[in-house]
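One structure below.
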Amino acid sequence: MTNFILARVLALIPVLFGISVIAFFSLAFCPGDPAEMALARLMDTESPPREAVKELRRKLGYDRPLPVRYSMWLSRILKGDLGSSVQSGRPVFKEVKKAMTASLELAASAMLVTIVLVLGLGVLSAVYAGSFFDFSVLGLSLVGITLPDFFLAVLGILFFSVYLNWLPVGGHGSLLNLILPTMTLAAVNSVVAIRLMRTSMLQTLGSRYLLTARAKGLRETAVISRHALRGALPPVVNYLGALTGHMLGGAVVVETIFMWPGIGRLLVEAVRSRDVFVVQGCVLAIGIAYVLVNLGVDILHAVLDPRIRNGEEGLDANTGKT
Amino acid sequence: MRILARHKGLFCGGGLLLLIFLGGVFAPSIAPHDPTVQDLRMRMTGPSFTYPLGTDTLGRCLASRILFGVRPSIGLAMAATCMVTLAGIMVGVLSAVFRRLDMVLMRITDCFFALPGMVLALVIISFTGPNPWGILLALSVPGWPKYARVVRGIARSQLAQPQVEAVRCMGAGPLYVTRTCLLPWIWPQVTTIATLGIGGKVATIAGLGFLGLGVQPPTPEWGAIMYGGLPVLGIAPHISLFSGLAIALTVLAFTLVGEGVHEAINPLIGEDANETMPD
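Chains as they are written, first to last, in the numbering used here: chain A, 1 to 322; chain B, 1001 to 1279.
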């Protein structure tokens, strides 16, 4: 198990390097000259003197070749210095940390609802395959795949906030604020996972070891919840893992609509106001969050499926074969 | 008739898509009004005979705006899908044929998987600005790794076949092998993902428009129209609802066609090809 975790951690290095390069490029190729912009803000003029800009560029190393600048940038980042926001003047590190906490709240609650939906609807529709219940779950999931998240959010606001007046339209703070964004995010993201759970469960339900479980006299609920579920879970856990990573940064639109002060909204605001340091901080945070979540999922996967920690290939999500 | 019954989804989706296409192409002749002309006395009115879908916050005809909105959405989505498909096939084949490149190319695709599509799109918009070329790039960059993975998988399994080995032994170069032995196997799979992908791109374009970072006014765009209706959701919900419905129907049409094509081409697989990675 230790070897498995060590190998996984080592495999993260190239991905982290790639993310850092993307973040660096978002800074290096941004339009406008950061030195000029910083000076303009400092001296409170539209066009700072040319010599001063040149001087600052040399001081900041902007005239050096890209690889040199990358290594300078990286050593600065590793010290936790992400620069400060052009817009608010506060350090980017603090802003990103605050936003990430809010995103984490939203992603965690949405994930919780998603897991409940996937386990409930996915398993039941496989157990009662072909029934009216199964049919309506499949139908609903097609609707869910089709509706973009922002449209679902608007429908939710229209029904729960405008028509029923039960929930606030947006904001952050109370539990009531959390309900609509959580529901939207969970509804949009759970549909594919529910379908995957159903498929995987159907394949497992056909396997022989369940015959053994039934033959030794276990009740059907025990057969399904303890034996079949464990066999059907690995591909679903894999998918949900990637999903959690994407919820942490990809809830851009949902966070913006519901005015949730998360990392996605911070990124949108930063792109709108061309606040390059914040953009770069957000990209780093989102990428690192995804990578860490996936590491966690890989370990969980190995716990669920012993073949993986022994270096064998696990169940294939598509075919159900090894 | 039997074919029609067997591929219900494909024909429903295809019909819907045809309607949307025709609506977009003939928008100037069938739209009841000029999509940019404002009538400030008629702001936020509901559906009526003169304005079939009502008017927006500036008194512009919503039906005309939605019809003209087909053009940027479908146009950009299809252009981006073409770029993504070509890039994905190139990277996938290169990485399958030249094993030394494989390691590097696959690590690069890993990095792109680590950032959600919308985040990458926003980063690109942050340095290109929300112009059509920037949006095209923003849609294409997050998309290609998925295609590259699929293409690489198919190409590798084909290269292991004895007949391909025979062709290579006779001295065929990599280009000839790709054209005759790999592409015929790659196209069907890629067509399926691409059709499903156009729907996703339509949604992404609308999402960017919704954030104010997509197609810029005065060009009517569905996401932007929807965002414009958000503050007046209580008094004029039709603005956001109809534009959202346009987006949803277009995505539905592409999804139905994509799944239909998938079932028609790969009848044995049956399950959705698109289900292994979240976008």
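The beta carbon of each residue, even a glycine, is placed where N, CA and C say it ideally should be.
Source: prediction; values computed, not measured.
May I ask you to check if the CB of residue i is nearer than 7 Å to at least one heavy atom of the ligand ZN?
| i | result |
| --- | --- |
| Cys282 of chain A | The ligand ZN is not part of the structure shown, which contains no ligands of any sort. |
Please state the DSSP three-state secondary structure of residue i.
| i | result |
| --- | --- |
| Thr1050 of chain B | coil |
| Pro91 of chain A | strand |
| Ser273 of chain A | coil |
| Ser207 of chain A | coil |
| Ser84 of chain A | strand |
| Thr1195 of chain B | helix |
| Thr1055 of chain B | strand |
| Ala1273 of chain B | Legend: pLDDT at Ala1273 of chain B = 41, less than 50; position of this residue unreliable, value from coordinates given subsequently. Three-state result, Ala1273 of chain B: coil. |
Give a yes or no on whether the C-beta atoms belonging to residue i and residue j are separated by under 8 Å.
| i | j | result |
| --- | --- | --- |
| Ala1248 of chain B | Gly1013 of chain B | no |
| Val118 of chain A | Met197 of chain A | yes |
| Met247 of chain A | Asn189 of chain A | yes |
| Ile1124 of chain B | Ala1114 of chain B | no |
| Arg1152 of chain B | Gly1092 of chain B | yes |
| Pro1116 of chain B | Val1215 of chain B | no |
| Leu1076 of chain B | Ile1135 of chain B | yes |
| Ser1095 of chain B | Leu1086 of chain B | no |
| Ser47 of chain A | Ile263 of chain A | no |
| Leu66 of chain A | Ala28 of chain A | yes |
| Val1164 of chain B | Cys1181 of chain B | yes |
| Ser207 of chain A | Val236 of chain A | no |
| Asn238 of chain A | His172 of chain A | no |
| Leu1120 of chain B | Val1141 of chain B | yes |
| Phe1256 of chain B | Gly1023 of chain B | In the sequence as presented, Phe is not what sits at residue 1256 of chain B; that position holds Leu. In this structure, Gly1023 of chain B does not lie closer than 8 Å to Leu1256 of chain B by Cβ. |
| Gly1244 of chain B | Met1226 of chain B | yes |
| Val254 of chain A | Ala153 of chain A | yes |
| Val86 of chain A | Asp275 of chain A | yes |
Against chain B, does residue i count as a neighbour if the rule is that its beta carbon must be under 8 Å from one of theirs?
| i | result |
| --- | --- |
| Ser125 of chain A | no |
| Thr356 of chain A | Nothing can be reported for residue 356 of chain A: it is not among the residues displayed for chain A, which extend from 1 to 322. |
| Ser26 of chain A | yes |
| Gly146 of chain A | Checking the sequence, you will find Thr at residue 146 of chain A rather than Gly. Chain B contact via Cβ: present. |
| Phe29 of chain A | yes |
| Arg198 of chain A | no |
| Gly18 of chain A | yes |
| Tyr70 of chain A | no |
| Val271 of chain A | yes |
| Tyr290 of chain A | yes |
| Ile22 of chain A | yes |
| Pro234 of chain A | no |
At the 8 Å Cβ level, is residue i part of the contact set with chain A, yes or no?
| i | result |
| --- | --- |
| Val1119 of chain B | yes |
| Gly1153 of chain B | no |
| Phe1210 of chain B | yes |
Taking only beta carbons into account, state which residues of the segment 1079-1113 of chain B come closer than 7 Å to chain C, listed in chain order.
The structure shown contains no chain C; the protein chains it does contain are A and B.
Compile a chain-ordered list of the residues in the segment 1123-1144 of chain B whose CB is closer than 9 Å to at least one CB of chain A.
Val1123, Ile1124, Ile1125, Ser1126, Phe1127, Thr1128 and Gly1129
Check distances from the C-beta atoms of the segment 1237-1253 of chain B to those of chain A and list, in chain order, the residues that come in under 7 Å.
Pro1237, Ser1240, Gly1244, Ile1247, Ala1248, Val1251 and Leu1252
Using a Cβ-Cβ cutoff of 7 Å, what residues of the segment 1196-1207 of chain B are near chain A? List them in chain order.
Ala1203, Ala1206 and Gly1207
Which runs of the alpha helix (DSSP H), 4 residues or longer, sit entirely within the segment 100-132 of chain A?
123-127
Would you list, in chain order, the members of the segment 238-266 of chain A that have their beta-carbon closer than 8 Å to a beta-carbon of chain B?
Tyr239, Ala242, Leu243, Gly245, His246, Gly249, Gly250, Val252, Val253, Thr256, Ile257 and Gly264
Short of 9 Å Cβ to Cβ, which residues in the segment 1043-1075 of chain B face chain A?
none
If we require 3 or more residues per run, which beta strand (DSSP E) segments fall completely within the segment 1150-1208 of chain B?
none
Length-filtered (4 minimum) alpha helix (DSSP H) runs lying within the segment 1081-1165 of chain B
1099-1113, 1117-1128, 1132-1140 and 1144-1159
Against chain B: residues of the segment 142-167 of chain A by CB proximity under 7 Å:
Ile145, Thr146, Leu147, Pro148, Phe150, Phe151, Val154, Ile157, Leu158 and Val162
Whole beta strand (DSSP E) elements within the segment 275-300 of chain A, 3-residue minimum
none
Taking beta-carbon pairs under 8 Å, can you tell me which members of the segment 277-289 of chain A lie near chain B?
Val279, Cys282, Val283, Ile286 and Gly287
Going along the chain, which unbroken runs of the alpha helix (DSSP H) with 4 or more residues stay wholly within the segment 170-225 of chain A?
175-205 and 208-215
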